[in-house]
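Heads up: the protein sequence lines correspond to chains A and B, in order.
Position one of the first sequence corresponds to residue 30 (our numbering), numbered consecutively onward.
Position one of the second sequence corresponds to residue 30 (our numbering), numbered consecutively onward.
Just so you know, even glycine gets a beta-carbon here, dropped at the ideal spot from N, CA and C.
Keep in mind the model is a prediction, meaning the values are calculated, not measured.
Number of protein chains: 2
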Amino acid sequence: MTKASPELQVLYDGKHLTFVRRRGWEFVQRKNISGIAILVAVTSEERILFVEQHREAVGGSVIELPAGLAGDEGSETGEEAANRELVEETGYRAATLEVLCEGPPSPGLSDEIVTVYLARGLTREGKGGGVGAEDIRVYEVPFAEAYGWLDARRAEGRLVDPKVYGGLALAQRRIDGALVKSR
Amino acid sequence: MTKASPELQVLYDGKHLTFVRRRGWEFVQRKNISGIAILVAVTSEERILFVEQHREAVGGSVIELPAGLAGDEGSETGEEAANRELVEETGYRAATLEVLCEGPPSPGLSDEIVTVYLARGLTREGKGGGVGAEDIRVYEVPFAEAYGWLDARRAEGRLVDPKVYGGLALAQRRIDGALVKSR
Numbered sequence: 030m031t032k033a034s035p036e037l038q039v040l041y042d043g044k045h046l047t048f049v050r051r052r053g054w055e056f057v058q059r060k061n062i063s064g065i066a067i068l069v070a071v072t073s074e075e076r077i078l079f080v081e082q083h084r085e086a087v088g089g090s091v092i093e094l095p096a097g098l099a100g101d102e103g104s105e106t107g108e109e110a111a112n113r114e115l116v117e118e119t120g121y122r123a124a125t126l127e128v129l130c131e132g133p134p135s136p137g138l139s140d141e142i143v144t145v146y147l148a149r150g151l152t153r154e155g156k157g158g159g160v161g162a163e164d165i166r167v168y169e170v171p172f173a174e175a176y177g178w179l180d181a182r183r184a185e186g187r188l189v190d191p192k193v194y195g196g197l198a199l200a201q202r203r204i205d206g207a208l209v210k211s212r
Numbered sequence: 030m031t032k033a034s035p036e037l038q039v040l041y042d043g044k045h046l047t048f049v050r051r052r053g054w055e056f057v058q059r060k061n062i063s064g065i066a067i068l069v070a071v072t073s074e075e076r077i078l079f080v081e082q083h084r085e086a087v088g089g090s091v092i093e094l095p096a097g098l099a100g101d102e103g104s105e106t107g108e109e110a111a112n113r114e115l116v117e118e119t120g121y122r123a124a125t126l127e128v129l130c131e132g133p134p135s136p137g138l139s140d141e142i143v144t145v146y147l148a149r150g151l152t153r154e155g156k157g158g159g160v161g162a163e164d165i166r167v168y169e170v171p172f173a174e175a176y177g178w179l180d181a182r183r184a185e186g187r188l189v190d191p192k193v194y195g196g197l198a199l200a201q202r203r204i205d206g207a208l209v210k211s212r
């Protein structure tokens with residue numbers, strides 16, 4: 030993430046985001062973070078964890094994969110931050126974290142780069158639900174029924190972050206050992 | 030997309046984005062658009078179209094699915110806008126567009142809602158590459174080799190928008206007629 034460059038113009042320095050312009054492009058930068066983790070967390074019973082929380086930007090609650098910002102709470106590695114966020118949001122800690130992909134999910138309006146992890150070997154360590162003002166609901170859904178479960182939630186009018194589907198696909202591919210297959 | 034509410038405070042009114050705050054949350058709103066289309070476009074030879082373009086926010090070029098904003102160029106339906114963007118970026122027009130999903134891809138920092146379409150029945154109508162200052166490179170990749178192709182690009186150090194994987198998974202599921210299966 031480029032945090033500064035000669036051409037970077039700060040339009041508004043917010044509390045959590047900085048609104049900037051560079052070479053005519055407007056976008057936001059998150060402040061004081063070193064990365065963002067998204068977790069495809071699968072329990073030993075082959076259940077995937079989804080979270081639902083109010084998102085003020087869209088004026089409603091959104092079903093997403095557990096996720097969080099690294100580097101905003103002292104020095105920790107990306108994996109430590111990912112596991113901390115997983116515990117905070119879902120109550121589970123992962124024994125193993127494998128990188129599924131890394132990339133910019135909103136390159137048209139943000140400099141953020143996310144790392145998507147497959148989290149396995151989960152053990153319950155807390156009750157989840159988030160910290161402070163966060164009010165996060167956790168769902169444990171059989172992995173094999175995840176698409177159908179999401180379809181049902183969308184049919185009810187609930188918002189689902191499309192990034193969920195990418196996480197599902199990458200996790201399925203890893204779990205299937207798809208590295209030896211073409212897809 | 031909520032464009033106004035009593036509590037909405039405009040922090041900076043940019044040219045393309047408005048930086049706002051509501052109930053303590055900072056986020057951006059895109060200006061003068063009615064929606065955003067992302068296209069999983071598959072040719073009659075079962076090749077999927079990827080685009081690569083410079084993204085100033087991340088300071089480099091990013092491989093993504095063709096996409097564009099609806100409503101920023103006069104009155105048109107979401108499907109008309111999706112097809113217009115597909116032609117502009119890739120040179121192909123789709124005979125059929127099917128909605129694969131709809132949702133907020135960045136609910137932590139934007140009010141945007143995207144619609145992901147499966148675009149089929151493609152016929153070449155132009156040369157693509159974008160309009161104006163856009164400089165978009167188009168790739169036609171055998172659908173069955175898409176994951177491996179993306180792995181190879183990432184191994185080269187190229188940036189890949191993780192939303193690509195969600196589009197691939199949803200398209201595969203639709204193409205396989207997975208509505209009658211559990212996954």
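Under 7 Å by beta carbon: chain A residues contacting B/E55: G43, K44, H45 and L46
Identify, in the order they occur along the chain, each residue of the same chain with its Cβ nearer than 7 Å to the Cβ of A/V87, setting aside the five sequence neighbours on each side. L188
Considering only C-alpha positions, which residue in the set B/Q38, B/K44 and B/A200 is nearest to B/E127? B/A200
Cβ closer than 7 Å: which chain B residues qualify as neighbours of A/G100? Per Cβ cutoff of 7 Å: no residues; A/G100 is ~16 Å from chain B at best.
For a contact defined as C-beta to C-beta under 8 Å, what are the partners of A/L40 on chain B? Result: Y41, G43 and F48.
DSSP three-state label for A/A207, please. A caution first: A/A207 carries a pLDDT of 48, below 50, which makes its placement in the model too unreliable to give a value.
Between B/R84 and the rest of its own chain, which residues show a CB-CB distance below 6 Å, the 5 nearest in sequence each way excluded? Hits under 6 Å: V91.
Backbone secondary structure at B/A148 - three-state DSSP: strand
Please report the Cβ distance between A/V80 and A/R149, rounded to the nearest whole angstrom; I am assuming they are in contact, meaning their Cβ atoms lie under 8 Å. That pair is no contact at about 18 Å.
Inter-residue spacing [alpha-carbon to alpha-carbon] between A/K156 and A/R122: 11 Å
Beta-carbon separation (whole angstroms), B/G196 vs B/V69, contact threshold 8 Å: About 4 Å separates the beta carbon of B/G196 from that of B/V69, a gap short enough to meet the 8 Å contact definition.
I need the straight-line Cα distance from A/P133 to A/V57, nearest angstrom please. 13 Å
Does DSSP put A/R52 in a helix, in a strand, or in coil? It is coil, neither helix nor strand.
Let me know the secondary structure DSSP gives B/G158 once reduced to three states. coil
Candidates B/S73, B/R183, B/E118 and B/A198: closest to B/A66 by CA position: B/E118
Minimum length 3: unbroken beta strand (DSSP E) runs contained in the segment 96-142 of chain B: 96-99 and 121-132
Beta-carbon separation (whole angstroms), A/E74 vs A/V116, contact threshold 8 Å: Not really, about 19 Å apart at Cβ, beyond 8 Å.
DSSP state of A/G89 mapped onto helix, strand, coil: strand
Can you list the residues of chain B that A/G132 reaches, using a CB-CB cut of under 7 Å? L188, V189, D190 and P191
Under a three-way DSSP split, which group does B/E169 fall into? strand
Between which two residues does the alpha helix (DSSP H) containing B/R182 stretch? A175 to A184
Under the assumption that B/A198 contacts A/A198 (Cβ atoms under 8 Å), give the Cβ distance between them as a whole number of angstroms. The pair is a contact, with the Cβ atoms about 3 Å apart (cut-off 8 Å).
Any Cβ of chain A within less than 8 Å of the Cβ of B/G137? yes
For B/A111, count the other beta carbons within 10 Å of its own beta carbon; 16 or more makes it buried, fewer makes it exposed. Which is it? buried
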